[in-house]
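Protein chains in written order, with this note's numbering: chain A, 2 to 315; chain B, 275 to 610; chain C, 275 to 610; chain D, 249 to 759. By construction, the Cβ of each residue, glycine as well, lies at the ideal position given by its N, Cα and C atoms. Report on the structure given below.
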Amino acid sequence: SAQDGFKCEEGETYIMNVMVSAHPYWVPVYQGFKQAAEAMGCETVFSGTPDYDITKQIASFEQDLVKQPAGILLHPMQSDPFIEPINRAIDSGVEVVTFAADSPKSNRTAYITSDNVAEAKFAAEEIVKQVGEEGQYAVLENPGQSNHDLRVTELISYMEQNYPGMKLVGRQATNQDSNAAYRATASILQANPELDAMWIPEAGSAEGAVAAVLEAEADVLIMHADVTPTTLEHIKAGNIHMALNPNQGVQGFMGFVTVFMAAHSDMFDPFNDYKVSGYNPMQIPFIDNGFAVITKENADSFDLNKYMEGRDPS
Amino acid sequence: MAEGAMAGMQGQGAAPREPADYMKRLFKMRETGLILIILALFIAMSFASPYFLTWVNMRAMAMAFAVEGIVVVGMTILLISGGIDLSVGSVTALAMVIAGLLFLNGVDPWTASAISILCCAGIGAFMGFFVTKVGLHHFIVSLAVMVIARGACLLGTGGRPLGLYTLPPEFKFVGQGAVGVIPIVIIIFVVVVLAFDFMLRKTTAFRKVFYTGSNEKAAAYSGIRTKRVIFLTTTLCSTLCGVAGIIYMARFGSAQPTFGIGMELNVIAAAVIGGASLSGGSGTIFGAILGAILLSVVSSSLALLDVSVYWQDIIRGSILLAAVSIDHYLNKRRGR
Amino acid sequence: MAEGAMAGMQGQGAAPREPADYMKRLFKMRETGLILIILALFIAMSFASPYFLTWVNMRAMAMAFAVEGIVVVGMTILLISGGIDLSVGSVTALAMVIAGLLFLNGVDPWTASAISILCCAGIGAFMGFFVTKVGLHHFIVSLAVMVIARGACLLGTGGRPLGLYTLPPEFKFVGQGAVGVIPIVIIIFVVVVLAFDFMLRKTTAFRKVFYTGSNEKAAAYSGIRTKRVIFLTTTLCSTLCGVAGIIYMARFGSAQPTFGIGMELNVIAAAVIGGASLSGGSGTIFGAILGAILLSVVSSSLALLDVSVYWQDIIRGSILLAAVSIDHYLNKRRGR
Amino acid sequence: MTDRNAMETAPILKITDLRKSFGSIHALRGVDFELRRGEIHALAGENGAGKSTLMNIIDGILKPDSGEILFDGQPVEITSPAMAQKLGVGFVHQEIALCPDVTVAENIFMAATNMSKRFLMDYAALERKAGEILRQLGDVNPAALVRDLPISQQQLVEIAKALTLDCRVLILDEPTAALTDREAQTLFAIMRRLAAQGISIIYISHRMAEIFDNCDRVSVFRDGQYIVTRNVSETTPSEIVNSMVGRVLDNLYPDKQREEDRSEEVILSVRDLTERSLFRNISFDLKAGEILGFAGLIGAGRSEIAKGICHLEGETTGEIHLNGRRLDLKDYQDSIAEGIVYLSEDRKGSGIFLEMSIAANISAISLDQVSRGGIINERREAQFAERAGRSLNLKYGHTANAVSTLSGGNQQKVALAKLLSVNPRVIFLDEPTRGVDVGAKAEIHAILRQLAREGVGVLVISSELPELIGVCDRVLVISEGEISGEVTGDAMTEENIMHLASISQPRMEAV
Ligand SMILES: Nc1ncnc2c1ncn2[C@@H]1O[C@H](COP(=O)(O)OP(=O)(O)OP(=O)(O)O)[C@@H](O)[C@H]1O
Ligand SMILES: Nc1ncnc2c1ncn2[C@@H]1O[C@H](COP(=O)(O)OP(=O)(O)OP(=O)(O)O)[C@@H](O)[C@H]1O
Ligand SMILES: [Mg+2]
Ligand SMILES: [Mg+2]
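See below:
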């Protein structure tokens, strides 16, 4: 009830469930999740599967349900396969909020993410600002991973529509593998000595791409999304122009708040039909957690290893 | 499973003599070590977690390996015949993609599934051709096909999963429904396993698979058309991947071009843990399924116990190594 | 490379008779088919793209496979002895992580590298122990170690790449520098390849690897300590992974816990394309390196031609299949 | 009517001008051959003469380059073993080809299972029937896995396999090479019975006595060419040998130990050697200058004793003394270091590296002789192989060729050459002349005698009694894992040895 406010009951637990759970992307998200939970006296668990395997993630999600948590903040590996499990969870009294990837046809109450389209537009504008409206650019990509796909395809179509003078001259799949990225970038540079800029949707490939650009002594503007210690150093050294990093902390924090609110929806009596139609009043189709622009000047703030000093990752 | 439990001995061609020494035979058979290890894990886990021995958890664990288990069956038979298939993951994904695309283009889902499974059989036949007629090694042929089939998945979907939410409920029922409390998926799995386990042990046709894998030359000298046998086991394995892909599609209501990456190692590991030889000639379906169960139970248990992800792989690998070592030791002690 | 070019025949223990039939032997040797295929690719590519035959492109292509090539050497020797190693990718990553962590904790990078390579050798010895003393199959042991080593990478780094930008320049020089126009990495690669190619063909110690892989029992009956041979080849392969990991670290200035996923298939494929048998007893370093070059040239060419990513996998797989088929055909025609 | 009559008297198999070459090696250069109904027809010829190649062509395993095959008067092109089987050809291969991972019974009925229209296996019936056939031949458990059987029992399985076929032509390619006299006699009885039923048998052997005791006709091949066919009753062994080898071989066996070589010096002394399930209380002395033989039935444990002494297999207790010094051997490498070596009876399984070159095979155990500072000198290695090959009359194309391109007997010579190339102090030879032709056999025997004279301890295990009697100075007879007797001098007769070999030992305690 409302007078108890934003407080958990004894032992009330919230779970954050992801795939490829050892990926560093989740680390600051979970820190945000945990900080919000601590502020409200709640317990948290980090769960999911270390594998890139949807059957395993669904199994781990269903195993989470066995423990009857109050809610789950879920990163569904694919949208449709999770419809049925999410709905079953909600029917059994476990609230579900999605983050970073959605299952829109399910009954999850909220979805929080960075706006990949906004990132792509920002990157496009920045590239044009730096190299002009006439030029050549290339992208690396990771087909099959939806947020990476969006970052790439949206940038390409934005360029086509707004800056027809920018020509896409290279498009290679490197699947987050730095050696593959090295190879691909070297080839692109060979075929296009006039290349002006590159957009890379993740940091692993960016590491390989930088190595190739430096080796070829080419003058290419590199922008990428996400960040690793190595790309940070490259940003500081000016080898990489800029990185766009989703605001993971806010994602986790707001993710917790929304799933908590879904579980405590009795605090909230909105002006709509939820009582007769029987849905959870905390419906939020989309929250944008925003992204940070990392440059030479602010790069030091994005050292995850430094951030994690003294913090418990689990 | 009691039927399957006899697989070990009879797979070796022994015939039961007196019912009295049934217990002795049970103790002697190849799979006993694995069964004991799995039992030990179950007991340990039921103490470690109150959630382990719940129906929901058991169901979740079974659902996690049932469909892959169908692929394990195909792989085991192929391994026995002396082959190997690295393309199982991509072919399974391709089955989803083909059926999904056909369905989205208006084909009835049952027909779409049938066509898709046929395509997978065709891929198997394609590999079988390169192995038996051209004379290449299974490893390299299936590696190439693994890459090609994954490429076809990406090409067909543009890299994006196909949403098949509109699949008719009676089709989805195959993947999501249940008869009573038993999910259809598990029923299909058990039927496939029992059927192939029986056939492999008992039918003359499948015995040829053992002969071919054990010594291809000797089999050929006895008039067995070994190339045909290898062609067929290769085709069968891909066909079962097709079946698995269709079931996944019905279960998930989507077709994912990136599905099944790395599946091959898991599947081969299951068969090998269960006693299949990588050089052909030996293996049982029952053992391979136990291997799959072992791998799956370990993964599920680690997830259930909230073991730190950074520790999970280390523990998983160590348990795997310990389990096969113990199993090997038990088998050696009982008399090679 | 002319020295290496003789690997095929001499690896089989043949002795050159007259210098006159050198050309004939060149035509007859196992690797000629592959060389022709690679040449054909080169010629086609130099017509297709004006950038292909440039020094910078050649350098970049060489850099792309040189380090992995060191692992290919280890894998080939292991395959010849009858083993296989699925853990190469994780062990390479672990080498980076161990050395990186030591360096970040104040250890001099050279010492850190030495310790790290020793650790990798230890991992190889660990696998060798399970294979030779416990009696498990290489496949399953290295699969478990692949998982464990990956877990150790994650544990050591918390899943986050280590930034090693502060590595001293003289250390980075190993990975990024050049002597004249030749990058150090390529020099190391060539030295490793030539050294092991020579040893494998010429030394009694490595000849025992062939005997062991060809017929382990006959080797034991010839007084060869086959278990020791297998133990050593297993250790050597992991050690070379360690070396490769250190070079990658120097080159990229970072240690990535997720580095090298799927590397094993690539590396084994290179060796097999180059004529190594998965059942042991045959293979050459020179052939395996040609296999690696073939794979790498195909990938680089597709990128250079800017082929659509959705088509790349299909083309890559098809070229692989066509190349091994042609190679096989050429060898068959020349032989018997 | 006359047509029919002609059909019945016409040969079942008639081969004209058959040619087959492997690259530059001409294995068959225009061979004629005729097989009558119900006859036992022996094939004789040196190693590499082309006998197995001809049989492989009849069985559809190899495709001839040219030539005609008439089966039952009809020209046929036999393209696969399956087709040969349909024609009624049964084949016992020189190289044992069985499936090691399945049972003896399944192996025996593999062809039947393959052709059968039954859907289900009936293991009980298979084992029963296999048991019946095996009982005629010797003692093999039909439920055992083939991989667990010694080579001699595998040979019996291979024979049993052919006997189950409902065949009209039965080919036996050196079936007795690993069999002792008793099993061989059983086989001959079966052969005669089958022949009486009208089945035609081709029998390949290098043992003249077998040919002359059991066959009707004999055809001789030399260097891929057909030489002559004779009725056995109208020729003599020396005539056959002469046409095989192209010269007269006067004495098949070397002289026995000379008086001046006789010595009481003991080279190898074995005391109370026991392996828990295979043999026990083995004690004997091997003296300088003598050739010692081990005789016994299949399964007596002769090979196991030799392997036990060399520490190749099994856990043994007991003492081994070399030149009066007690040895503390841990494994075979220690044994080799002391100069004690063993030639395996299982050529394919543990004697040779099939896919490696002849040169590499021969130097496998003596790499130090062809290398300096750990670097192999390939020229020296090739010369080394050539020399070793010459002394054993090895027939090969090039030392760089794989051993798999050699005929069976020549493969045996490679295995033997490998072992003789070390300079041993004690050498155990298990079936050293298995499949080796008469000429080469005589030369091997001469080499053994020479070694003995030079003070090397030579111990021969052979299933061929005439060989043991002809070569050895003293024979120990093994029965059921124990030494049941010793024969020397004039007492070395087949009767005496067989008598000792069949003495039944008190049952060993099962462990
Ligand atoms: N696969 C092969 N490749 C090349 N040469 C071969 C092959 N098989 C047989 N030969 C050669 O053909 C010739 C005839 O061999 P074959 O096996 O028929 O002899 P054989 O009369 O059976 O001799 P043995 O008494 O030793 O068994 C030999 O010179 C042998 O080296
Ligand atoms: N699957 C099997 N199980 C048991 N025995 C078999 C099997 N297949 C073949 N055999 C045996 O092999 C031989 C030939 O088999 P096939 O089935 O062709 O003849 P059959 O006439 O059916 O045999 P039967 O006389 O026993 O009825 C027979 O001795 C048969 O018993
Ligand atoms: Mg022969
Ligand atoms: Mg013996």
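Short CB-CB distance (under 8 angstroms) between residue i and chain B
i	result
residue 329(D)	yes
residue 253(A)	no
residue 439(D)	no
residue 81(A)	yes
Spatial distance of residue i from residue j (CA atoms)
i	j	result
residue 449(B)	residue 462(B)	10 angstroms
residue 295(A)	residue 249(A)	14 angstroms
residue 333(B)	residue 538(B)	24 angstroms
residue 219(A)	residue 582(C)	24 angstroms
residue 406(D)	residue 533(B)	49 angstroms
residue 506(D)	residue 646(D)	39 angstroms
residue 533(D)	residue 516(D)	6 angstroms
residue 130(A)	residue 159(A)	14 angstroms
residue 266(D)	residue 689(D)	29 angstroms
residue 597(D)	residue 580(D)	17 angstroms
residue 111(A)	residue 281(A)	10 angstroms
C-beta neighbour in chain A for residue i, strict 8 angstroms
i	result
residue 433(C)	yes
residue 587(B)	yes
residue 320(B)	no
residue 438(B)	yes
Proximity test, residue i beta-carbon vs ligand 3 heavy atom, cut-off 7 angstroms
i	result
residue 579(D)	no
residue 643(D)	no
residue 656(D)	yes
residue 445(D)	no
residue 421(D)	yes
residue 586(C)	no
Opening and closing residue of the alpha helix (DSSP H) in which residue i lies
i	result
residue 219(A)	First-last for residue 219(A): undefined, no H or E at that position.
residue 7(A)	Segment: none, residue 7(A) is in no alpha helix (DSSP H) and carries neither H nor E.
residue 310(C)	306-322
Proximity test, residue i beta-carbon vs ligand 1 heavy atom, cut-off 7 angstroms
i	result
residue 601(D)	no
residue 299(D)	yes
residue 609(D)	no
residue 275(D)	yes
Unbroken beta strand (DSSP E) run spanning residue i, endpoints
i	result
residue 278(D)	273-283
residue 342(B)	No beta strand (DSSP E) contains residue 342(B), which is instead part of the alpha helix (DSSP H) from 329-354.
residue 473(D)	473-479
residue 734(D)	730-736
residue 535(D)	527-535
Contact with chain C by residue i, beta-carbon distance below 8 angstroms
i	result
residue 575(B)	no
residue 268(D)	no
Short CB-CB distance (under 8 angstroms) between residue i and chain D
i	result
residue 605(C)	no
List in chain order: all unbroken alpha helix (DSSP H) runs of 4+ residues lying wholly within the segment 240-290 of chain A.
Listed in chain order, the complete alpha helix (DSSP H) runs (minimum 4 residues) inside the segment 240-290 of chain A are 249-264 and 275-278.
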